[in-house]
Amino acid sequence: MVSEDIHQTDLLLDGLLNYFQVTTLIKKINTVNTLIEEALKANQARLKEKGVGLFKKLEKDLPEIIVPDEHLRYILNSVLQYVIASTPVHGNIELLTKFSIFKKGGGEEQAFFEGHGGHIEILIVFAGGRESVEAFETASGSIPTIQKDGALELMLRLIKEMVLRNRGIMKFEGDEKKAKKIISLVFPVERRKVTFYEPMSTSRQPAGQSS
7 MVSEDIHQTD
17 LLLDGLLNYF
27 QVTTLIKKIN
37 TVNTLIEEAL
47 KANQARLKEK
57 GVGLFKKLEK
67 DLPEIIVPDE
77 HLRYILNSVL
87 QYVIASTPVH
97 GNIELLTKFS
107 IFKKGGGEEQ
117 AFFEGHGGHI
127 EILIVFAGGR
137 ESVEAFETAS
147 GSIPTIQKDG
157 ALELMLRLIK
167 EMVLRNRGIM
177 KFEGDEKKAK
187 KIISLVFPVE
197 RRKVTFYEPM
207 STSRQPAGQS
217 S
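Per our numbering, the sequence shown starts with residue 7, numbered consecutively.
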């Protein structure tokens with residue numbers, strides 16, 4: 007009898023918890039930095055294996071961008087894999103994020119980003135000294151052709167395709183004097199307030215049980 011009462015009380019508490027979870031709107035915040043940290047964690051073993059130093063400066067309280075989470079997750083993870091593969095052993099990677107209202111260059115590009123209330127830029131700076139890199143022009147801008155590694159070239163093309171699909175800009179720059187390469191990812195800010203409902207909790211165990 008006591009056991010049945012405990013079980014019913016537990017069911018009631020679960021029901022109340024789930025009710026409040028699915029009826030309470032939560033403001034979506036800090037998605038860009040959160041997914042960057044997620045990508046870094048997923049590739050931590052490879053960074054450690056190559057002895058690559060990581061320096062990051064992530065701007066706090068960044069607004070949301072128009073890119074779906076899964077697309078951004080793919081972009082960040084793929085870019086990081088490309089950068090790690092291109093960085094020499096014991097090299098360094100710098101990762102920065104920043105918000106800006108104005109886009110350099112003016113014209114339609116600037117008007118588009120200003121219309122969205124600004125943009126977020128993700129910068130990855132690394133030393134890629136092993137590959138022979140030369141830029142080639144495409145209808146959407148220039149990305150490098152990796153002459154010695156077709157897999158890396160294909161990876162870069164797929165990343166850029168996903169960036170363009172989400173109204174973003176991807177640029178690849180090189181500083182020959184400092185032997186540095188820079189990948190810049192720019193995405194428009196989401197103009198609307200982004201909210202979501204928290205998923206129902208299914209992990210709560212019946213009273214008297216433990217994991």
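Cβ coordinates follow ideal geometry from the N, Cα and C atoms, glycine included.
Under the assumption that residue i contacts residue j (Cβ atoms under 8 Å), give the Cβ distance between them as a whole number of angstroms.
| i | j | result |
| --- | --- | --- |
| E127 | V85 | With 8 Å as the limit, E127 and V85 do not qualify as a contact, their Cβ atoms being about 13 Å apart. |
| K199 | K33 | 7 Å |
| H125 | P205 | Contact flag wrong, Cβ pair sits at about 30 Å. |
| Y88 | M161 | 5 Å |
| A45 | N83 | 5 Å |
Would you decide whether residue i is buried or exposed? Buried here means 16 or more other CB atoms lie within 10 Å of its CB.
| i | result |
| --- | --- |
| S146 | With a pLDDT of only 37 at S146, under the threshold of 50, the placement of this residue in the model should not be trusted, and no figure is reported. |
| I35 | exposed |
| I12 | exposed |
| L78 | buried |
| E167 | exposed |
| T144 | Low local confidence applies: a pLDDT of 37 at T144 is under 50, so the model's placement there is unreliable, with the coordinate-based value given in what follows. By the 10 Å Cβ count, T144 comes out exposed. |
| E55 | exposed |
| V28 | exposed |
| K187 | buried |
Take residue i as the anchor and find which of the options has the nearest alpha-carbon.
| i | options | result |
| --- | --- | --- |
| A91 | L158, R197, G180 and M176 | L158 |
| S106 | E179, M161, K47 and I71 | I71 |
| K68 | L18, T103 and L31 | According to the sequence provided, residue 68 is Leu. The question's Lys does not apply to it. The residue with the shortest Cα to Cα distance from L68 is T103. |
| R173 | E196, A185, I188 and I189 | E196 |
| T40 | L19, E76 and L164 | E76 |
| V95 | V73, P74 and F132 | F132 |
| K177 | L129, L164, A185 and L23 | L129 |
### Task
Starting from the N-terminal side, write out each stretch of the alpha helix (DSSP H) that is 4 residues or longer and does not extend beyond the segment 62 to 97.
75 to 92
### Message
I want to know whether the segment 90 to 99 touches the segment 53 to 63 - three or more CB-CB distances under 8 Å.
### Response
yes
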